[in-house]
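With this note's numbering applied, the sequence shown has no gaps in its numbers, which climb one by one up to 797 at the end.
Built from N, CA and C at the ideal position, the CB exists for glycine as well.
Remember, it's a predicted structure, so these values are computed and weren't measured experimentally.
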Amino acid sequence: MRETIARKEILSPGDYEAFQNFLQNACGILLGAGKEYLVSSRLSGLMRHYDIATVGELLNQLQHGRNPQLKSGIIDAMTTNETFWFRDMAHFNLLERRILPETSRSRPHRLRIWSAACSSGQEPYNISMVVEDFRQRNPGSFRGPVEIVATDISQRILEEARRGVYCGISASRGLSADQSRRYFNRNGDCLEVRPEIKRHVSFRNANLTKGYELLGRFDAIFCRNVLIYFSRQQKQDILERMARILNPGGYLLLGSTESISGHSDQFEMISESGGIIYRLK
Numbered sequence: 517m518r519e520t521i522a523r524k525e526i527l528s529p530g531d532y533e534a535f536q537n538f539l540q541n542a543c544g545i546l547l548g549a550g551k552e553y554l555v556s557s558r559l560s561g562l563m564r565h566y567d568i569a570t571v572g573e574l575l576n577q578l579q580h581g582r583n584p585q586l587k588s589g590i591i592d593a594m595t596t597n598e599t600f601w602f603r604d605m606a607h608f609n610l611l612e613r614r615i616l617p618e619t620s621r622s623r624p625h626r627l628r629i630w631s632a633a634c635s636s637g638q639e640p641y642n643i644s645m646v647v648e649d650f651r652q653r654n655p656g657s658f659r660g661p662v663e664i665v666a667t668d669i670s671q672r673i674l675e676e677a678r679r680g681v682y683c684g685i686s687a688s689r690g691l692s693a694d695q696s697r698r699y700f701n702r703n704g705d706c707l708e709v710r711p712e713i714k715r716h717v718s719f720r721n722a723n724l725t726k727g728y729e730l731l732g733r734f735d736a737i738f739c740r741n742v743l744i745y746f747s748r749q750q751k752q753d754i755l756e757r758m759a760r761i762l763n764p765g766g767y768l769l770l771g772s773t774e775s776i777s778g779h780s781d782q783f784e785m786i787s788e789s790g791g792i793i794y795r796l797k
């Protein structure tokens, strides 16, 4: 009987609207109209695990605090974690050819880069690989600590990223044979990020719609393919707060389909090496 109810009434129109409000308040994700199937499919496993028949019942349990793990479970289920190695390669070329040389001249003693919404860790590890190669080619650059702060809202995906072990398609998608050899240790069909690459990266839980000033100041921020999930006002707020924690002349890198146009006038756009980045004025 319960299975029949779950199939027929898992998501009513009223429950969908309530879930839209919950998700936007919890993590800033703005669900548009017509996403009912996405919600039902993403939450089905979680609801079976907790023997919850409808989204209305799920929201009721959240409201009354009956299960403190539900909120993080919902966020894990609803956040998109699609990524691969050296995604948008033009950005890594710009990091190597413009951002790192410029930063090493102006601030040679320390380098800090933020990988926001880092997903399963490919982006921050890629940043570390580029930085490590740059230091080897330019002895004496960044003589002090190099720190790549990687954040995500999903605790589950952060645990996966910290391990730095990738199997199947995630072990090869976007990697050349040379990169696999230089940056990883192989274990059967899996690749593990080498310690000299891992050592620069620290993973933390963070919500982009909340305060993150305690993360410190950065020379560059990678915030790619995530602003598309936020409302116009939230995008503006995120960009303004990121501008406040960038060092003078620091860089912001967005996804290839994203832009600061209409959201912030604190950056100048730079088009170079087939990519676009934004420099703090």
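- Inter-residue distance for Pro711 and Glu639 is about 16 Å (C-alpha atoms, whole angstroms).
- Going by DSSP, Asp531 is part of the alpha helix (DSSP H) stretching over 529-543.
- With contacts defined by Cβ atoms closer than 8 Å, Trp601 and Asn642 form a contacting pair.
- Cβ contact annotation for Arg757 (same chain, cutoff 8 Å, sequence separation greater than five): Gly727, Tyr728, Glu729, in chain order.
- The DSSP-derived three-state label of Leu574 is helix.
- Per DSSP, Thr619 is one residue of the alpha helix (DSSP H) stretching across 616-622.
- Just measuring C-alpha positions, the residue of Ile568, Pro764, Arg698, Gly561 sitting nearest Lys797 is Pro764.
- With 16 or more other CB atoms across the displayed protein chains lying within 10 angstroms of its CB, Ser620 is buried.
- Between the C-alpha atoms of Arg679 and Gly637 there is a straight-line separation of about 9 Å.
- DSSP places Pro640 within a helical segment (H, G or I) once states are collapsed to three.
- Here Glu533 is exposed. Its C-beta has fewer than 16 other C-beta atoms within 10 Å.
- Secondary structure note for Ser557: its alpha helix (DSSP H) is the uninterrupted segment 552-565.
- Nearest neighbour of Asp531 by Cα position, chosen from Asp567, Ile754, Glu573, turns out to be Glu573.
- In the DSSP annotation of this structure, the continuous segment of the alpha helix (DSSP H) that includes Asp592 starts and ends at 585-594.
- Going by DSSP, Ser718 is part of the beta strand (DSSP E) stretching over 717-721.
- Linking Ile664 to Ser718 through their CA atoms gives a straight-line distance of about 6 Å.
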